[in-house]
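Written out below as structure tokens is the structure these notes cover.
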Amino acid sequence: MSAAVKLFGTWSSRFSRRVEIALKLKGIEYEYIEEDLSNKSDLLLKYNPVHKKIMHTAYKAGIAKGEELEKLHQEIYQNLSLLENELKGKEFFGGEKIGYLDIAAFMITYWFQVYCQGLLQTEFITEQKFPALHKWIAKLSEIEVVRECLPPKDKHVSYLKARFEARKSPSK
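Just so it is clear: in the sequence shown, position 7 is 7 by the UniProt record's numbering, and no numbers are missing.
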């Protein structure tokens, strides 16, 4: 018998990974269905008929130059400062216990770090610049359920490089 909850995802998706972490932390049984986003299943299309493509600030930073790149870096630092300020004096965003906001924000910061380190060869979230955020990431990274749901870094970097190159190509 299959589980009542079906989770459609890809191994590299921070969106499906954060849902997976939440389901595991809550002890909810689920069936994980790995999707090939270049060849979406009928079931995925039924439940997610709209697939939007958004060019994120970090992706833009990978192709920007000069003044545009500097503006994007400033935007990244401003956004990271918001997270830093919310975490000051707290273990987690909600206080002493991990919550869904922690899971959602962690998956974004994890993906962002892999992208920046692997593709841009730079780091934005350093202990010196964002001590509370850096500590929070380390703390969440130690949680077994979280580690189980993270894609392998090397595989993730290879995947992101391939996607990045495909987006840069004029034929795509």
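All C-beta atoms, glycine included, are put in the ideal place defined by N, C-alpha and C. On a predicted model such as this, the values are computed, not experimentally measured, just so you know.
- Of 4, 8, 23 and 6, the smallest CA-CA separation from residue 148 is found for 23.
- Counting other Cβ atoms within 10 Å of its Cβ, residue 130 reaches 16 or more and is therefore classed as buried.
- Membership of residue 31 in any alpha helix (DSSP H) is not indicated; the residue belongs instead to the beta strand (DSSP E) covering 31 to 34.
- Counting along the chain, residue 9 sits inside the beta strand (DSSP E) bounded by residues 6 to 9.
- Measuring C-alpha to C-alpha distances from residue 125 to each of 76, 31, 28 and 38 identifies 76 as the nearest.
- Here the region 30 to 48 does not lie against the region 77 to 94, with fewer than 3 beta-carbon pairs under 8 Å apart.
- Around the beta carbon of residue 103, 16 or more other beta carbons lie within 10 angstroms, which makes this residue buried.
- In this structure, the beta-carbon distance from residue 146 to residue 21 falls below 7 Å.
- Under the three-state reduction of DSSP output, residue 95 falls in the strand class.
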